[in-house]
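Mind the numbering: the sequence shown is residues 858 to 1407 in this note's numbering, read in order.
For glycine and all other residues, C-beta sits at the position ideal for the given N, C-alpha and C.
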Amino acid sequence: MTEIYGKGVSNGIAVGRISYYSNNNNNIPKYSVTDTAAELKRYKTALKTAKRNLQDLYDEACKRVSKSESVIFQTHIMILEDSKFVGTVESLILDRALNAEFAVYDTAQKIAEIFRSFDDEYLQQRYTDIIDAANTVLEILHPHKSIDIDDKSPVIIAAPELMPSETISLKQENLLGFITNKGSKNSHAAILARTLGLPLITQVKGSLSRFDGQEAIIDGQTGRIVVSPDHNTLAHYRARQRRYLEKQLRLKSQIGLPSVTKNGQKVKLTVSIDNIDSLEVLKNSDAEGIGLFRPDYLFTKRKSPPSEEEQFSVYKTVVKAFGEKRVVISLANLGSEKGISYVDIPEEKNPAIGYKGIRVLLSNKDIFMCQLRALFRASAFGKVSIALPMVNNVDEIEYVKRSLEEVKIELRSKGQDFSQDVKIGTMIETPAAAIISDEISKISDFLIIPANSLTQYTLAMDRENQKLEYFYEPYHKAVLRLIKLVCKNAHNCGKTVALCGELACDVHTTKTLLAMDVDELVVVSSKLLDVKAAVRETDTTNADQILERI
């Protein structure tokens, strides 16, 4: 029995035979051609076929997952049609007389390397889109082994890395799960695996080919892989697998049911998102809206801020997807740790308590007003609310509200539509904001408590510091008392309180939070049904007794 570990990025337990697949395209030949015109024609013919194949993959993906997850294949078509990509390939063929497959390979590698150099994990993972798109052309110009699975024998696929096209092209009934050397939770393969309900473990060290054909157990939650398990281990995981599947069935039975406690207390359940990759899946989930969309990724790792049109397009997409359901979008929470080169943000020893959030926006009015205009324009297509990050006093809120009036006047002068009912909420992230939440509630339409931030600032502990992990206590009485205070102050003003972060997702704290009268829990989508089940199993009749320990 051999145990190895990786990073679990898609939950579930699989027991079965490993089938190793090498998708290494590094052995692309390089040679000179004499007839460059014929070679160019060969490339264009392959390109045309590849685009047709990608369209077929898109159609197949739409049947099996969602349009949001499937759109990656249309993105791959756009990559292959990109003028820089095409121009570089054609130049290598015509000007340097190189063979078509090497021209495609070399171009893709150099463009992909730009993405891999970014610090942001989300942007790093976009390099796979470049490689995967190019591979569809290379597979025609220089075919290599494809994933071949015996229809009668479901397997665990092991590979150096999985591309979206490889993941979706496999028959789901033949798959138990995936193991890879490379990848992350933000990769499209990981998103597809979660959508398909299959476990995926990435970042496994060492060659996986040595396990080809062997029986194994993979645990997508812990990242544990057991090869050639003994009888006791196998029996243990078979039992866990049954319990996991039974739990998933119980959770699915919650879909469509109201999020109400046994004694009739209603709590709103919404989801948080950091990008729009899984939008279609979320739209069709049980979420009552987007409780918090942080669009910070639009502003990071670039030489200039996103344009109004770029932001408007993203916000409009999210808002239209949720129709009459509310979408809360935060203003950009910019800081020195996010690599914002186009704003004068000095490098800081402790950026968590430095120049960030509303402090940056109010001193960079062009960026601030640009985002407000995009948000208000998007409000014409649905139900938009705006959240203000890192607020510490009411003057900051008043300044934002005056700026909103300027935006309205500007949009009216241009004849651009926007909703007259855009709500403005304040994010209570610091003890200072929590303590004056009575004053903040008077001039805010709603409050949001990002529990992770409030815990960090209350305990004066960087949650990213591994040495403080033992001391970091999200259930600390000080944090819970501040949450309780905010709820009391907000309700006294007739305002609602939403809570997001790890506390909101932890079913062990659901009863306590409801006893505090938290109005809304903003959770990650994977925890939505777990939290709904916890809500429906809770009775807060004895709320005072529940809160006695606080």
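Residue range of the beta strand (DSSP E) that includes residue i
i       : result
Ile1306 : 1303 to 1307
Ile950  : Taken as a continuous stretch (DSSP letters only), Ile950 belongs to no beta strand (DSSP E), being part of the alpha helix (DSSP H) at 940 to 951.
Tyr1332 : No beta strand (DSSP E) holds Tyr1332; DSSP gives it neither H nor E.
Environment of residue i [buried if 16+ CB atoms lie within 10 Å]
i       : result
Gly1113 : exposed
Ser1193 : Only weak support is given to the placement of Ser1193: the predicted model assigns it a pLDDT of 48, under 50, and the question is left unresolved by the model.
Leu1218 : buried
Val1012 : buried
Ser889  : exposed
Arg1406 : exposed
Gln1228 : buried
Tyr1327 : Confidence in Tyr1327 is poor, its pLDDT being 49 and thus under 50, which makes the residue's placement unreliable; the coordinate value appears in the next sentence. Label assigned to Tyr1327: exposed.
Met1020 : buried
Gly1063 : exposed
Asp1076 : buried
Thr859  : exposed
Gln1273 : exposed
Thr1369 : buried
Gly1121 : exposed
Ile1036 : buried
Thr891  : exposed
Gly1180 : exposed
Gln1313 : buried
Gln1402 : exposed
Glu863  : First, the amino acid is wrong: residue 863 is Gly here, not Glu. Its Cβ being crowded by 16 or more others within 10 Å, Gly863 is buried.
Asp986  : buried
Distance CB(residue i)-CB(residue j) smaller than 7 Å
i       : j       : result
Gly1080 : Gly865  : yes
Leu1057 : Ser879  : no
Ile1215 : Met1247 : yes
Ala1355 : Gly1148 : yes
Val1279 : Val1251 : no
Phe1225 : Val1176 : no
Leu1371 : Thr1353 : no
Gln1098 : Ile934  : no
Ala969  : Val946  : no
Ile997  : Ala903  : yes
Leu1126 : Glu1145 : yes
Ala1073 : Val1084 : yes
Ile950  : Glu896  : yes
Pro1154 : Asn1190 : Correcting the residue identity first, residue 1154 is Tyr in this sequence and not Pro. The answer is no: Cβ separation not under 7 Å.
Gln1105 : Ala1390 : no
Ile1305 : Ile1281 : no
Ala1308 : Leu1360 : yes
Val1128 : Ser1382 : yes
Cys1350 : Met1373 : no
Arg1234 : Phe1169 : yes
Arg973  : Tyr984  : yes
Gln1186 : Phe1156 : The sequence given here places Ile at residue 1186; Gln does not occur at that position. No, Cβ-Cβ distance for Ile1186 and Phe1156 is not below 7 Å.
Ala957  : Arg899  : yes
Beta-bridge partners of residue i, as assigned by DSSP
i       : result
Ser889  : Leu955
Ile1014 : Ser876, Phe1035
Leu1337 : According to DSSP, which records beta bridges pairwise, Leu1337 is partnered with nothing at all.
Glu1405 : The partner list for Glu1405 (beta bridge, DSSP) is empty, contrary to what the question assumes.
Tyr862  : Arg1081
Thr1283 : Leu1245, Leu1304
Lys1240 : Arg1183
Ala871  : Ile1075
Unbroken alpha helix (DSSP H) run spanning residue i, endpoints
i       : result
Ser1260 : 1251 to 1270
Phe1233 : 1222 to 1235
Ile1058 : Looking at the DSSP string, Ile1058 is not in any alpha helix (DSSP H); the run it does join, the beta strand (DSSP E), is 1057 to 1059.
Ser1298 : 1294 to 1300
Ala991  : 984 to 998
Val1117 : Neither: Val1117 is in no alpha helix (DSSP H) and is coded neither H nor E.
Leu1218 : 1215 to 1219
Closer than 6 Å: residue i CB and nearest the ligand ATP heavy atom
i       : result
Ile1014 : With respect to small molecules bound, the structure shown includes none, and the ligand ATP cannot be examined in it.
is_contact[residue i, chain C] using C-beta, thresh 7 Å
i       : result
Thr1366 : The chain inventory of the structure shown lacks chain C, comprising one protein chain alone.
Practice task
Return the chain-ordered ranges of every beta strand (DSSP E) run that is complete within the region 1070 to 1105 and spans a minimum of 3 residues.
Solution key: Listed in chain order, the beta strand (DSSP E) runs fully inside the region 1070 to 1105 are 1072 to 1076, 1081 to 1084, counting runs of at least 3 residues.
Problem - alpha helix (DSSP H) runs contained entirely in the region 1162 to 1198, provided each spans 4 or more residues - result: If we require 4 residues or more, the alpha helix (DSSP H) runs fully inside the region 1162 to 1198 come out as 1165 to 1179.
Exercise for the section: Entirely within the region 1347 to 1386 and at least 4 residues each: give me those alpha helix (DSSP H) ranges in chain order. Expected result: Qualifying alpha helix (DSSP H) stretches, in chain order: 1359 to 1362, 1367 to 1372.
Practice task
Jot down the residue ranges of each uninterrupted beta strand (DSSP E) in the region 1122 to 1162, minimum 3 residues, whole runs only, in chain order.
Solution key: Runs found: 1125 to 1130, 1147 to 1150.
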